[in-house]
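Engineer: Supplied in structure tokens, the structure appears directly below.
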Amino acid sequence: MKHLLKLEDWSTEEIINTLNLADQLKYEQKHGIEHKHLKGKTLGMIFEKSSTRTRVSFEVGMTQLGGYPLFLSSNDLQIGRGEPVEDTARVLSRFLDGIMIRTFEQSEVEALAEHGSIPIINGLTDYCHPCQVLADLMTIREFKGKLEGLKMCFIGDGNNMMNSLIVGALSTGMSFSAACPEGYMPPQNIIEFGEKYGKGKFEIVHDPIEAAKNADVVYTDVWASMGQEEEKKIREAAFAGYQVNADLMAVTNPDCMVLHCLPAHRGEEITADVFEAHANEIFEEAENRLHAQKAVLVECMADKGNTRDND
Ligand code: CP
Ligand code: NVA
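Residue 4 is where the sequence shown starts when you use this note's numbering, and the numbers rise one by one after that.
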């Protein structure tokens with residue numbers, strides 16, 4: 004059974020195959036070619052946090068694939084009243100063909116996979132955001148024609164986005180640099196993942212300008228993630244200076260892209276002028292959530308032999 008619990012569970016080949024399938028599905032959707040690989044299948048979508056892109060891209064994507072998306076708010080599910088995830092997993096496995104979950108703890112996603120018997124897709128946890136990074140890699144390849152040899156730079160919090168970007172970038176032949184304030188570094192296991200690639204390929208520093216030198220892609224995310232609302236003021240102070248702005252872009256390579264998973268806070272992690280100068284890349288990235296998600300759904304949920312051909 005194939006899950007997407009975190010990106011480090013997938014090999015480079017699996018990531019690249021998914022990007023290729025995402026490109027194909029994007030082409031088919033743009034050209035009105037039917038691609039109902041998941042006809043008759045139902046995806047449960049559990050949301051314990053807010054969402055615009057993930058909710059809509061999974062729901063629309065599942066519909067375009069001929070399946071049915073079922074939105075399940077944790078406010079309504081018994082899981083929100085303390086029903087164990089082990090029982091929820093076993094019950095939902097009898098109704099559904101797959102589950103996409105957005106929640107806080109990575110362990111909840113892993114427990115669903117352990118106790119259920121259907122594919123589980125991580126739609127964001129505090130630890131990682133693999134679906135977003137597949138869309139990001141797809142977008143970079145679309146604009147730059149390749150991933151291998153490019154330098155990605157992340158400015159900001161060592162959070163779920165940065166964790167998955169490190170894995171996604173390094174697994175596909177990019178180098179990765181980041182600037183994080185003291186105390187906001189990624190977790191040790193992710194640093195160790197990066198260090199295996201060596202200093203020329205992976206570096207985390209405190210100075211944003213140093214990190215951005217010769218970057219081909221600059222990426223940033225909010226200073227306070229969902230669930231960290233109470234730390235907003237402390238974080239605003241800690242992250243002052245960790246901003247993607249014209250000074251930072253001046254040291255990057257010519258034609259450097261700027262990506263943002265969104266939602267963006269203009270005037271905090273990114274200035275309005277840099278955001279708007281790169282809006283075509285950022286909103287293509289947002290659209291690519293749809294195509295990348297559909298590829299993940301097909302890879303995880305389609306019957307074998309039904310992944311490449313149209314019905
Ligand atoms: N980037 C992203 O996951 O957006 P949503 O929170 O709107 O789903
Ligand atoms: N780091 C952000 C990403 C949102 C897509 C959060 O977790 O809120």
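Ideal Cβ placement from N, Cα and C applies to all residues, glycine included.
None of the values given here were measured: they were computed from a predicted structure.
1) Measure the C-alpha to C-alpha separation of residue 45 and residue 297 and round it to an integer number of angstroms.
2) What residue from 57, 255 and 50 has the CA that sits closest to residue 300's CA?
3) Give the DSSP bridge partners of residue 178, in chain order.
4) Evaluate residue 98 with the Cβ neighbour count: other Cβ atoms within 10 Å of its Cβ, from every protein chain shown; 16 or more gives buried, anything less gives exposed.
5) Express the C-alpha separation of residue 126 and residue 108 in angstroms, rounding to a whole number.
6) Can you grab the Cα-Cα spacing for the pair residue 313 / residue 36, in whole Å?
7) Return the chain-ordered list of same chain residues with a C-beta closer than 7 angstroms to the C-beta of residue 122, the five sequence neighbours on each side being excluded.
8) Could you give the first and the last residue of the continuous alpha helix (DSSP H) run that contains residue 294?
9) Terminal residues of the continuous alpha helix (DSSP H) containing residue 110?
10) Is it a yes or a no for the segment 104-119 touching the segment 84-92, going by three-plus beta-carbon pairs under 8 angstroms?
11) What I want to know is whether the C-beta of residue 131 ends up closer than 6 angstroms to one or more non-hydrogen atoms of the ligand CP.
12) Taking C-beta to C-beta, are residue 261 and residue 221 nearer than 7 angstroms?
13) Give me the residue from 140, 40, 51 and 144 with the minimum Cα distance to residue 83.
14) Could you work out which residue in 205, 194 and 159 is closest to residue 177 when comparing CA atoms only?
15) If we count Cβ pairs, one from each stretch, closer than 8 angstroms, do we get three or more for the segment 171-187 versus the segment 144-160?
16) Using only alpha-carbon positions, find the residue among 213, 167, 144 and 292 that is nearest to residue 196.
17) Would you say the beta carbon of residue 165 is closer than 6 angstroms to some non-hydrogen atom of the ligand NVA?
18) Residue 188: beta carbon under 6 angstroms from a heavy atom of the ligand NVA?
19) Grouping DSSP H, G and I as helix and E and B as strand, with all else coil, what is residue 206?
20) Could you tell me the alpha carbon to alpha carbon distance between residue 9 and residue 151, rounded to whole angstroms?
21) Determine the closest residue to residue 21 out of 34, 164 and 144, with distance taken between C-alpha atoms.
22) Can you tell me whether DSSP reads residue 128 as helix, strand or coil?
23) Under 8 angstroms, with one C-beta from each stretch per pair, do the segment 276-292 and the segment 233-245 reach the 3-pair mark?
24) If you measure from the CB of residue 265, is any heavy atom of the ligand CP nearer than 6 angstroms?
25) Here's the rule I'm using: 16 or more other beta-carbon atoms within 10 Å means buried, otherwise exposed. How should residue 174 be labelled?
26) At a cut-off of 6 angstroms, is residue 54 close to the ligand CP when judged by its beta-carbon and the heavy atoms of the ligand?
27) Check residue 200 in the structure and name its three-state DSSP category.
28) Taking DSSP as the reference, what is the three-state secondary structure of residue 136?
29) For residue 131 and residue 163, which I take to be in contact (beta-carbon distance under 8 angstroms), what is that distance rounded to the nearest angstrom?
30) State yes or no: is the C-beta of residue 291 within less than 7 angstroms of the C-beta of residue 138?
Structural biologist: The answer reads as follows:
1) Here residue 45 is taken as the residue at index 42 of the sequence shown, counted from 1. Here residue 297 is taken as the residue at index 294 of the sequence shown, counted from 1. The straight-line gap from Cα to Cα measures roughly 14 angstroms.
2) Residue numbering aside, residue 300 sits at position 297 when the sequence shown is read from its first letter. When only C-alpha atoms are compared, the closest one is 57.
3) Numbered from 1 along the sequence shown, position 175 holds the residue referred to as residue 178. Its beta-bridge partners are 154.
4) As a first step, residue 98 must be located in the sequence shown, where it is residue number 95. Residue 98 should be labelled exposed.
5) Mapped onto the sequence shown, residue 108 falls at position 105. Mapped onto the sequence shown, residue 126 falls at position 123. Roughly 12 angstroms separates the two Cα atoms.
6) Taking the first residue of the sequence shown as 1, we reach residue 313 at position 310. Taking the first residue of the sequence shown as 1, we reach residue 36 at position 33. Low confidence applies to residue 313: its pLDDT is 38, below 50, so where it sits in the model is not reliable enough to give any reading.
7) Mapped onto the sequence shown, residue 122 falls at position 119. Excluding sequence neighbours, residue 122 sits near 4, 5, 6, 101, 303 and 304.
8) Numbered from its first residue, the sequence shown carries residue 294 at position 291. It spans 282-304 - the alpha helix (DSSP H) in which residue 294 sits, taken as one unbroken run.
9) The residue given as residue 110 occupies position 107 in the sequence shown. Segment 109-118, the alpha helix (DSSP H) holding residue 110.
10) yes
11) Here the question's residue 131 lines up with position 128 in the sequence shown. The closest heavy atom of the ligand CP lies 6 angstroms or more from the beta carbon of residue 131.
12) The residue you call residue 261 lines up with position 258 of the sequence shown. The residue you call residue 221 lines up with position 218 of the sequence shown. Yes, the pair counts as a contact, with Cβ atoms nearer than the cut-off.
13) The residue given as residue 83 occupies position 80 in the sequence shown. Minimum Cα distance to residue 83 is reached at 51.
14) Taking the sequence shown and counting its residues from 1, the one referred to as residue 177 is at position 174. Measuring from the Cα of residue 177, the nearest candidate turns out to be 205.
15) Cβ pair count under 8 angstroms is three or more, so yes.
16) Looking up residue 196 in the sequence shown gives position 193. Per the Cα distances, 167.
17) Counted from its first residue, the sequence shown places residue 165 at position 162. No, the beta carbon of residue 165 sits no closer than 6 angstroms to any heavy atom of the ligand NVA.
18) As a working mapping, residue 188 is identified with position 185 in the sequence shown. No, the ligand NVA has no heavy atom inside 6 angstroms of this Cβ.
19) Counting from one through the sequence shown, the residue named residue 206 turns up at place 203. In the structure shown, residue 206 sits in a strand (DSSP, three-state: E or B).
20) Locating residue 9 in the sequence shown gives position 6, where the first residue counts as 1. Locating residue 151 in the sequence shown gives position 148, where the first residue counts as 1. Rounded to the nearest whole angstrom, the C-alpha separation of residue 9 and residue 151 is 21 angstroms.
21) On the sequence shown, residue 21 is found 18 positions in, with the first residue counted as 1. If we check each option's Cα against that of residue 21, 144 comes out closest.
22) Start at 1 with the first residue of the sequence shown, and residue 128 comes out as number 125. Three-state result, residue 128: coil.
23) no
24) Numbered from its first residue, the sequence shown carries residue 265 at position 262. Within 6 angstroms of the C-beta of residue 265 there is at least one heavy atom belonging to the ligand CP.
25) Translated into positions along the sequence shown, residue 174 becomes position 171. So residue 174 counts as buried.
26) Within the sequence shown, numbered from 1, the residue matching residue 54 stands at position 51. Residue 54: yes, Cβ under 6 angstroms from the ligand CP.
27) On the sequence shown, residue 200 is found 197 positions in, with the first residue counted as 1. In the structure shown, residue 200 sits in coil (DSSP, three-state: anything other than H, G, I, E or B).
28) Counted from its first residue, the sequence shown places residue 136 at position 133. Looking at residue 136 - three-state DSSP - the assignment turns out to be helix.
29) Indexing the sequence shown from 1 puts residue 131 at position 128. Indexing the sequence shown from 1 puts residue 163 at position 160. Contact flag correct, Cβ pair sits at about 5 angstroms.
30) Taking the sequence shown and counting its residues from 1, the one referred to as residue 291 is at position 288. Taking the sequence shown and counting its residues from 1, the one referred to as residue 138 is at position 135. For residue 291 and residue 138, yes; Cβs fall inside 7 angstroms.
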